[in-house]
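Only one structure is covered here, and it is reproduced in the block below.
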Amino acid sequence: MRAALLALAFATAGCVGTPTPLDPSVAGSVGVPHDGVLTNGVELPVRGSGFRRYRPHGSHYFGNPRLVDAVQRVAAEVERERPGGAPLLVGDLSAQTGGKIPGHHSHRTGRDVDLLYYVTTPTGAPVRSPGFVGFDTDGLARVEYEGDVSYLRLDVEREWLLVKKLMTAKEVGVQWMFMSRGIEALLIDYARARGEDDALVWHAETVMLQPGDSTPHADHMHLRIACTPDEMAAGCEGGGPYWQWLPLTPFPGWLPSAVLDSIAADDPFELGRLAHSDA
């Protein structure tokens, strides 16, 4: 209801138009993740400190500069703090100009990336992931290769460290971490057992979600970052909630009082937060 009222108010005020890459004021991540384009994207290098591209010669490794920078920086931090492990394998981001790419409903605006899980042997020795292998609720994955069967274990320690680094880097602005409920439970239980900050754990648990319209994501994490306020002004839209701990958006003080009253009735916290951002 609040979104509909805001959309109506914006339209009647004549302050916004439909985002289009033909408009020079629109740039970057344009539109929503499942229906948009990408301009001024940057390419993730084939390899770097703590990471490797899963498809070295793939063409879908372009993204919002914040996302590409975050992948490189956070992977390097995990390697530095937990040396001796295998690199983070990075799956698809977006095409150079965005739009639909095979195998994905979203990944169209440079705000999405697939990150394969860190893995170990059953005894805990870090090894490189062989690819998209699905983990059960106990953290084990059965792998078959040329008739041989082996098992891998989710590297919960390093995976949680990756999550923690992403969540605590304010410039990243995590919107969603799509993953299976089983993996979410393993990570959250681990974080609580080691006494991580309650707010951090709550924020992480909030953004972790098993998608209902695709695979459970037991074989990789699908990370999505939120639009920043500046990116919103340039055409970036939606893709999920704008969490209360993300940078504050400008307060629309010109909105009619009836619209503001409706926002207050629907979500008083949001109205107070918006008002505070104008201070």
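My numbering puts the first residue of the sequence shown at 238, with every later residue one more than the last.
Cβ coordinates follow ideal geometry from the N, Cα and C atoms, glycine included.
Treat the numbers as computed from the prediction; the structure is a model and nothing was measured.
Unbroken beta strand (DSSP E) run spanning residue i, endpoints
i: L391; result: D385 to L391
i: E442; result: No beta strand (DSSP E) contains E442, which is instead part of the alpha helix (DSSP H) from D435 to V444.
i: M414; result: V411 to F415
i: R418; result: That residue, R418, is in no beta strand (DSSP E); its alpha helix (DSSP H) goes R418 to A430.
i: S266; result: S266 to V269
i: A455; result: A455 -> no beta strand (DSSP E), and no H or E assigned at all.
i: W327; result: A small correction: the amino acid at residue 327 is Val; Trp does not occupy that position in the sequence shown. From DSSP, the beta strand (DSSP E) with V327 extends over L325 to V327.
i: R290; result: F288 to R290
i: E381; result: L377 to Y382
i: L275; result: D272 to L275
i: D179; result: In the structure displayed, the chain extends from 238 to 516; residue 179 sits before or after that span and is not available.
When the options are compared against residue i, the one with the closest alpha-carbon
i: E433; options: H294, V411 and V400; result: V400
i: A307; options: R292, G287 and A455; result: G287
i: H457; options: G273, G295, V327 and P282; result: V327
i: D349; options: A378, G295 and S266; result: S266
i: A441; options: L483, E474 and S451; result: L483
i: G285; options: V279, A313 and H271; result: A313
i: D272; options: G368, G475 and K402; result: G475
i: Q309; options: P478, K337 and A406; result: A406
i: P270; options: M414, H342, S451 and V370; result: H342
i: D329; options: R292, E318, D375 and L446; result: R292
i: L389; options: G410, R395 and S366; result: S366
i: R461; options: G371, G477 and G368; result: G477
i: F369; options: D375, E394, L325 and R395; result: L325
i: P453; options: Q333, G371 and V393; result: G371
i: D375; options: L424, R290 and K337; result: L424
i: V393; options: D426, T276 and H344; result: D426
Opening and closing residue of the alpha helix (DSSP H) in which residue i lies
i: Q309; result: P302 to E318
i: A201; result: Missing from the structure shown is residue 201; the chain here goes from 238 to 516 and no further.
Environment of residue i [buried if 16+ CB atoms lie within 10 Å]
i: Y298; result: buried
i: M439; result: In the sequence on display, residue 439 carries Trp and not Met. Burial call: exposed.
i: N301; result: buried
i: S387; result: exposed
i: T357; result: buried
i: D467; result: exposed
i: G278; result: buried
i: E383; result: exposed
i: E316; result: buried
i: L377; result: exposed
i: G361; result: exposed
i: E408; result: exposed
i: S451; result: exposed
i: E421; result: buried
i: G268; result: buried
i: A428; result: buried
i: G410; result: buried
i: R431; result: exposed
i: H294; result: exposed
i: S296; result: exposed
i: E280; result: exposed
i: R395; result: buried
i: V311; result: buried
i: R379; result: exposed
Integer Cβ distance of residue i from residue j, believed to fall under 8 Å
i: S331; j: G347; result: 5 Å
i: D373; j: G335; result: Their Cβ separation, rounded to whole angstroms, is 35 Å, which puts D373 and G335 out of contact at 8 Å.
i: Q412; j: V444; result: 7 Å
i: V263; j: A471; result: 6 Å
i: Y354; j: L304; result: With 8 Å as the limit, Y354 and L304 do not qualify as a contact, their Cβ atoms being about 19 Å apart.
i: P282; j: A323; result: Contact doesn't hold; Cβ gap of about 18 Å is too wide.
i: L446; j: F415; result: 6 Å
i: H459; j: D351; result: 6 Å
i: L398; j: E318; result: 6 Å
i: Y479; j: A463; result: 6 Å
Any chain C beta carbon closer than 9 Å to residue i
i: P270; result: No chain C is part of this structure, which consists of one protein chain only.
Residue i: CB within 8 Å of a non-hydrogen atom of the ligand NAD
i: P339; result: This structure lacks the ligand NAD; in fact it carries no ligand of any kind.
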